[in-house]
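Engineer: In my numbering, the protein residues as written are 30 to 165.
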Amino acid sequence: MNLLRRRAIEHQASGIWRKLGLGFVFLWFFIGGIAHFAATGLEMRIVPPWLPEPRLLVLVSGIFELLGAIGVLIPRTRQAAGYGLMLLTIAVTPANIYMWQQASQFPSIPYWALTVRLPFQVALLACIRWSTRDAR
30 MNLLRRRAIE
40 HQASGIWRKL
50 GLGFVFLWFF
60 IGGIAHFAAT
70 GLEMRIVPPW
80 LPEPRLLVLV
90 SGIFELLGAI
100 GVLIPRTRQA
110 AGYGLMLLTI
120 AVTPANIYMW
130 QQASQFPSIP
140 YWALTVRLPF
150 QVALLACIRW
160 STRDAR
């Protein structure tokens, strides 16, 4: 009985952490998605010059961020939305690398923050996967 009780407590704690992870993923991409529309010009500055149509890329990625954020809240779409947000996170990596390489073009952002952004993406990918996986 003690083992069953401990497992039940662990399962409950895991559920709480998963909900917190989902909340974080939702907020990260919902706020980020809104930023793509509220500050389109600013977002366009981080698109590497070798990519075409910066405005279109910013707006489309903003739509996908918002759709993914909403999708993780719906149990039926959660896992698919998680995979989509993981792909989107990987897709925006060139923008983060560009900002890091061209730090002088972004003087309002400390260099350490640009540097931390890259490993943060790995942690974000792990959080998305962990919190949106099929819990069966």
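Just so you know, even glycine gets a beta-carbon here, dropped at the ideal spot from N, CA and C. Quick caveat: nothing in here was measured; it's all calculated off a predicted structure.
1) Please look up how many angstroms separate the CB atoms of G61 and E94, rounded, as I've assumed it's under 8 Å.
2) Could you tell me the boundaries of the alpha helix (DSSP H) in which E94 lies?
3) Near S90, what residues of its chain come up, given a Cβ to Cβ distance below 7 Å and the 5 sequence neighbours on each side ignored?
4) Does the segment 98-115 come close enough to the segment 123-142 that 3 or more CB-CB pairs lie under 8 Å?
5) Flag this pair as yes or no: are the beta carbons of L169 and T69 separated by less than 8 Å?
6) Hey, could you find the ends of the alpha helix (DSSP H) T118 is sitting in?
7) With a CB to CB cut of under 7 Å and the five nearest residues on each side skipped, what residues in its chain are close to M73?
8) Use the C-beta contact count for F149: other C-beta atoms within 10 angstroms, 16 or more gives buried, fewer gives exposed.
9) Considering only the beta carbon of each residue, do L154 and M115 sit closer than 8 Å?
10) Given this structure, state the Cα-to-Cα distance separating L71 from N31, to the nearest angstrom.
11) Taking only the alpha-carbon atoms, compute the straight-line gap between W46 and L147 and give it to the nearest angstrom.
12) Assuming F53 contacts L102 under a Cβ cut-off of 8 Å, what Cβ separation, rounded to an integer in Å, is found between them?
13) Restricting to Cα atoms, I'd like to know which of R105, V76, I157 and I119 is closest to G111.
14) Output the distance between the C-alpha atoms of I126 and L51, rounded to the nearest integer angstrom.
Structural biologist: The relevant details are as follows:
1) 5 Å
2) P83 to L102
3) H65, L117 and V121
4) no
5) This structure leaves residue 169 out entirely; the chain is present only between 30 and 165.
6) That run of the alpha helix (DSSP H) goes R107 to A120.
7) Only P83, R84 and V87 meet the Cβ criterion.
8) exposed
9) In terms of Cβ geometry, L154 and M115 form a close pair [threshold 8 Å].
10) 56 Å
11) 24 Å
12) No, F53 and L102 are not in contact; Cβ-Cβ is about 12 Å, not under 8 Å.
13) Taking only the C-alpha atoms, the option nearest G111 is I157.
14) When only Cα atoms are considered, I126 and L51 end up about 26 Å apart.
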